[in-house]
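**Q** Can you read through this structure? Questions will come right after.
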Amino acid sequence: HLGLEIDDSEDGLDKPLLQIGDGIDATKFGIYGYKQEEDVWYDGTQNLPQDFVLTSRDWIFVKELIAGGPLPPKGMSIKAAKKSPSVKLQIVGRQNKEYLYDLVSNIHSGLDV
């Protein structure tokens, strides 16, 4: 395998994605752009500052947005998790951004944004 992997352990959520093999360098995978206070343009040739690097929590947030809410345990479908009384679904991505879950997934209206 080559690439990056989500670390969904409690201590790995806010760290850069896990690197698999000789693939993508996790410290260069993130949001590229200009950092005004340092007067530097990050273009992918140098390591990104920590606040530009995508973390496991960022990827889980994107997946939760698409799903419309918390993700089920591995190996279980969203539908099955919602029906099961024993499964407690919990938002992992961004607890203070609940409004975005409905906005992006369009559960109520079905309209594309």
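So that you can map any letter, position 72 of the sequence shown is 82 in the numbering used here, and since no number is skipped, the others follow by simple counting.
Heads up, the beta-carbon is just placed ideally off N, CA and C, and yes, glycines get one too.
The structure presented is a predicted model; accordingly, all values stated were derived computationally and were not measured.
#1: Within 10 Å of its beta-carbon, does P26 have 16 or more other beta-carbons around it, so buried, or fewer, so exposed?
#2: What does a CB cutoff of less than 7 Å around G40 pick up in its chain, not counting 5 residues either side in sequence?
#3: Is P83 closer than 7 Å to Q100 when the C-beta atoms are compared?
#4: Short of 8 Å in beta carbon distance, which residues of its chain neighbour T37, apart from the five on each side in sequence? Order them along the chain.
#5: Do you know how far the Cα of K93 is from the Cα of M86?
#6: How far does the beta strand (DSSP E) with I76 in it extend, from its first residue to its last?
#7: Going along the chain, which residues of its own chain have a beta-carbon closer than 7 Å to the beta-carbon of Y111, five neighbours each way excluded?
#8: Assuming the contact rule is C-beta atoms closer than 8 Å, V97 and I70 should be a hit. Round their C-beta distance to whole Å, please.
**A** According to the structure shown:
#1: A buried status is given to P26, since no fewer than 16 other beta-carbon atoms sit within 10 Å of its beta-carbon.
#2: Around G40: L58, F62, V63 and L64.
#3: Going by C-beta atoms, Q100 is not nearer than 7 Å to P83.
#4: The answer, listed in chain order, is P26, N57, L58 and V63.
#5: Distance from the CA of M86 to the CA of K93, rounded to the nearest whole angstrom, comes to 11 Å.
#6: Membership of I76 in any beta strand (DSSP E) is not indicated; the residue belongs instead to the alpha helix (DSSP H) covering S66 to A77.
#7: Excluding the 5 residues flanking it on each side, Y111 has same chain C-beta neighbours closer than 7 Å at E74, L75, G78 and G79, in chain order.
#8: Not quite, the Cβ-Cβ distance comes to about 17 Å (not below 8 Å), so this is no contact.
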